[in-house]
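These protein sequences, in sequence, are chains A and B. Everything in the first sequence is counted per this note's numbering, starting at 1 for the first residue and increasing by one. Everything in the second sequence is counted per this note's numbering, starting at 322 for the first residue and increasing by one. Presented below is the structure to which this report refers.
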Amino acid sequence: MATRAPERAAPPRRPGGKRRLNARHWRHAVDVKASPYAYVAPFFLLFCAFGLFPIGYTLWVSLHEWTLLKDEHTFVGLENFRVLLTDSYFWNATYNTLSIGVLSMVPQLLLALWLAHLLNRPLRAQNFFRITLLLPNVTSVVAVVVIFSQIFGRDFGLINWVITSFGFEGVAWRDGTLSSHLAISTMIMWRWTGYNALILLAAMQAVPRELYEAATIDGASSSTQLRKITVPMIRPTIAFVVITSTIGSMQIFAEPLLFGAYTLTGGQDRQYQTLSLFFYENYMRLDFGFSSAISWMIFIFILIIAGINFLLTNRMKGSVR
Amino acid sequence: MSHPPRRRAARLLVPLIAASLLAACGGGENTPAPGATGSAPAPAAAEPVKLTVALFSDFHYGPLYEEFKKTHPNVEITERRAQFNDHHNNLVTQVATGAGAADIVAVEGGFIATFREVADKFHNLNDFGLQSRQAEYLDWKWQLGLSKDGSQLIGLGTDVGGLAMCYRPDLFKAAGLPSNRDEVGALWPTWEQYVETGKKFVAAGGKAAFTDGPGEHFRAMVEQAPVGFYDTSDKVVVGSNPDVRKAWDVSVSMIQNKLSGKLVAFTPEWTTGIAKGTFATMVCPAWKTGVIKDQKPGEGTWDIAAVPGGGGNQGGTHLLAPKQGKHPKEAAELINFLTSKESQLTLWKDASALPSLPGLYTDPAVADFVNPYFGDAPIGKIFTDAAKALKPQYTGPKSGDVNVAMGNGLGRIELQGQDPEESWKQAVSDSEKIK
């Protein structure tokens, strides 16, 4: 469109000066309209090559019987998805993912909110506390899981040592469904609570101080202020933290893999096999068609969650204003 | 099945880093001297050839390359290494995409079946006369290097991982059992007798369990049978093979008689248990002696006896030449050289790699070798006896995955309390689903 317009606007009888002006006008228009796209183009070109194309290609692969080492790939339509949706191990992995997600997210967010609230007041050595919050997050996930696997050990673990010293029987953390979910959730909480607290803290600092001052004069306690002022004011940020944590929990992988000493099934009974681990198990069998179908189901789950989040945040924005 | 070799690779990582510096010092460019050494098989004026060798740890090949170059002055060898799993996954991708593979690649026992399925992607070493080596090899090791129909030779074996039973003499003595390794080995010619010994051990009422967990025992029993998880047409026969069922039943009786410490290999409880003595026996491929030593249980704490059922193997590597390689003749010659009798003896001495050529098993360097850390156990003899006694068995493409499914089934019985019959049904159906 933009290239055709100047031709029409420049009839041959017009004097040269005007034409130059028109040309300049045209360049300016192109500059204003097109340049922003040119500036963002590198990212989008890379995104298309390494983001969009693989997503599309994965869909294509998922419609085939596709083993990496075999040269012919038979088109099977939605067969992989049919097998997947009737596979009880897939739903088991979905359940585990949700269970670990909820078990880690709810306490994590409450704790993050509380920590942020504590830090949202004049303190000595503020930066020190903030950096401390972020430290678990910059620790390598492998290191975290190795240490926690020791702590949750059945025979020589710290927690069982405490439990047994009170005269109770130790817990075989790895073997039970709930116990293994709790152990894995603890590792996730350890890494992400501080990070989320920092995001919430940033939002809290944007809340006008006068509200707190007024509340203090009216005699509202600190916890009342948290409930009645802070939380309503930072709702959009809370929604953001919830959505990123939820998407993160769909991708839990390293924790269950390392907790199970590298077993791809996530325990003998698949009691802590998450969706990502289920995907990896099939990928390692070089069954690319089926694995692609799994990745697409994970993608669809994430889309659903993002959709719910979109609706919720829209409603919240409405209620705050 | 995938975790032991991975750990093994991790164990080799430290010497790997150290030795990679040494290996990098190889490859000085010798100008070919025409007609100077008449004995060289390669024509002296031959074109310069560059060969790459891809390995998953330090195989101690450095000095052997130098030796090879004496007869092949035109060949330049570069070695590259990757971590165990990365190495094999890379190779799958390279073979699938037809680019990037080295001229010679190492493939470990857990992965060899995957590549035998696509034998046409590798040079047939028979074309270079290497079928002449067959008589030297352990039969089962040789067969692992053949294509599925046996018509092509895609790889020659390097080392093997003979199987034994590691045990703690102190705990045996405390339970009133013999503790000398020959007497201990005599307690269990069969797996049923191993279970009987375990019952006596448990009856003596010590705190330790008789063994770590049933998974590795089950695997060893299956591998000793004439037919394992697959028949020769690559059909999973777990449900119909009586030998698999027998191995399962013996493993279940180990659980039911409380012989097992309910431990899964390589979990923290298991590794700590090695030093703390929470269990008294474990199935022991040659490389597991290194794992034991790493836990520092103390010299002589663990000893090594023969494995029940006669023989066994876990791990061991083949060298293959992917078809992408441009110099198949030189690659085949190098493979032939690296797996030769002389080279394998050198590698046993330098890197404790157990030879796959039974002709070497009577060599004093192997037969008389003792390991002081394991009470002067003659590990050369114990492990090679096991390797020699093993009968060839057809290994299907996904044997490792089937083994995991079956091992999980045993785990469910002892850790989650599942009914053995139910667990069997689930394990069989899981195995049959593996394509």
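Note that CB positions come from ideal geometry on N, CA and C, so glycine has one too.
Contact with chain B by residue i, beta-carbon distance below 8 Å
| i | result |
| --- | --- |
| Q268(A) | yes |
| F172(A) | One point to set straight first is that residue 172(A) is Ala, not Phe, in the sequence displayed. For A172(A), the answer is yes, since a Cβ of chain B falls inside 8 Å of its Cβ. |
| T86(A) | no |
| A261(A) | yes |
| D31(A) | no |
| T265(A) | yes |
| M1(A) | Its pLDDT being 41, under 50, M1(A) is placed unreliably by the model, and the measurement read from it follows with that caveat. It does not: the Cβ of M1(A) has no partner Cβ on chain B nearer than 8 Å. |
Chain A contact for residue i (CB, 8 Å cutoff)
| i | result |
| --- | --- |
| K756(B) | yes |
| A417(B) | yes |
| G732(B) | yes |
| P589(B) | yes |
| E438(B) | yes |
| T716(B) | no |
| T532(B) | no |
| L736(B) | yes |
| V426(B) | no |
| N411(B) | no |
| V557(B) | no |
| V585(B) | yes |
| N729(B) | yes |
Contacting residues, own chain, Cβ-Cβ under 8 Å from residue i (five flanking each side not counted)
| i | result |
| --- | --- |
| S744(B) | G730, L731, R733 and I734 |
| V146(A) | L258 |
| N578(B) | V516, G519, K520 and V523 |
| D624(B) | C487, Y488, R489, P490, S500, R502, V505, F695, G696 and A698 |
| S35(A) | none |
| R8(A) | For R8(A), the predicted model reports a pLDDT of 49, less than 50, meaning its position is unreliable and no value from the coordinates is stated. |
Assigned secondary structure, residue i (DSSP; H/G/I helix, E/B strand, else coil)
| i | result |
| --- | --- |
| H639(B) | strand |
| H73(A) | coil |
| S744(B) | helix |
| T532(B) | strand |
| G625(B) | The amino acid at residue 625(B) is misidentified as Gly; the sequence shows Ile. If DSSP states are grouped into helix, strand and coil, I625(B) belongs with the strands. |
| R401(B) | strand |
| S179(A) | helix |
| E513(B) | helix |
| N692(B) | strand |
| K756(B) | coil |
| A375(B) | strand |
| T265(A) | coil |
| F253(A) | coil |
| F380(B) | coil |
| H64(A) | strand |
Nonlocal neighbours in the same chain, by C-beta distance under 7 Å from residue i, ignoring five residues either side
| i | result |
| --- | --- |
| A308(B) | For chain B, the structure presents residues 322 to 756; residue 308(B) sits outside this window and is missing. |
| L312(A) | A239 |
| N411(B) | A403 |
| L226(A) | H117 |
| V144(A) | M187, W190 and R191 |
| R124(A) | none |
Residues of its chain near residue i, where Cβ-Cβ distance is below 6 Å and the 5 sequence neighbours each way are ignored
| i | result |
| --- | --- |
| F493(B) | S500 |
| V604(B) | E537, H538 and A541 |
| W463(B) | Q455 |
| D460(B) | P713 |
| T246(A) | I305 |
| A172(A) | R154 |
Original post:
For the stretch 280–296 of chain A, which residues have a CB atom closer than 7 Å to at least one CB atom of chain B, in sequence order?
Top reply: R285, L286 and D287
Subject >> Within 8 Å of chain A by C-beta, residues of the stretch 376–397 of chain B in sequence order >> reply: So the list is empty, because no residue satisfies the distance condition.
Subject >> Those runs of the beta strand (DSSP E) which lie wholly inside the stretch 419–506 of chain B and span at least 3 residues >> reply: 425–429 and 476–488
**OP:** Quick one: which residues of the stretch 68–83 of chain A get their C-beta closer than 9 Å to a C-beta of chain B? List them in chain order.
**Re:** L68, L69, K70 and D71
Subject >> Residues within the stretch 634–645 of chain B neighbouring chain A, beta-carbon criterion of under 7 Å >> reply: none
Subject >> Residues within the stretch 144–160 of chain A neighbouring chain B, beta-carbon criterion of under 7 Å >> reply: If the cut-off is 7 Å between Cβ atoms, the stretch 144–160 of chain A has S149, Q150, G153, R154, D155 and F156 near chain B.
**OP:** Could you name the residues of the stretch 593–610 of chain B whose beta carbon sits closer than 8 Å to any beta carbon of chain A, in the order they occur along the chain?
**Re:** T593, G594, K597 and T599
Original post:
Can you list, in chain order, the residues of the stretch 694–725 of chain B whose Cβ is nearer than 9 Å to any Cβ on chain A?
Top reply: K719, D722 and V725
**OP:** Residues of the stretch 175–203 of chain A with a CB closer than 7 Å to any CB of chain B: list them in chain order, please.
**Re:** D175
Original post:
What are the complete alpha helix (DSSP H) segments, minimum 4 residues, inside the stretch 541–586 of chain B?
Top reply: 563–577
**OP:** Mind listing, in chain order, the continuous alpha helix (DSSP H) runs of no fewer than 4 residues lying wholly within the stretch 193–227 of chain A?
**Re:** Counting whole runs of 4 or more residues, the stretch 193–227 of chain A contains the alpha helix (DSSP H) stretches 209–217 and 222–225.
Original post:
Curious, which full-length alpha helix (DSSP H) runs of at least 4 residues does the stretch 111–184 of chain A contain?
Top reply: 126–138, 141–151 and 158–165
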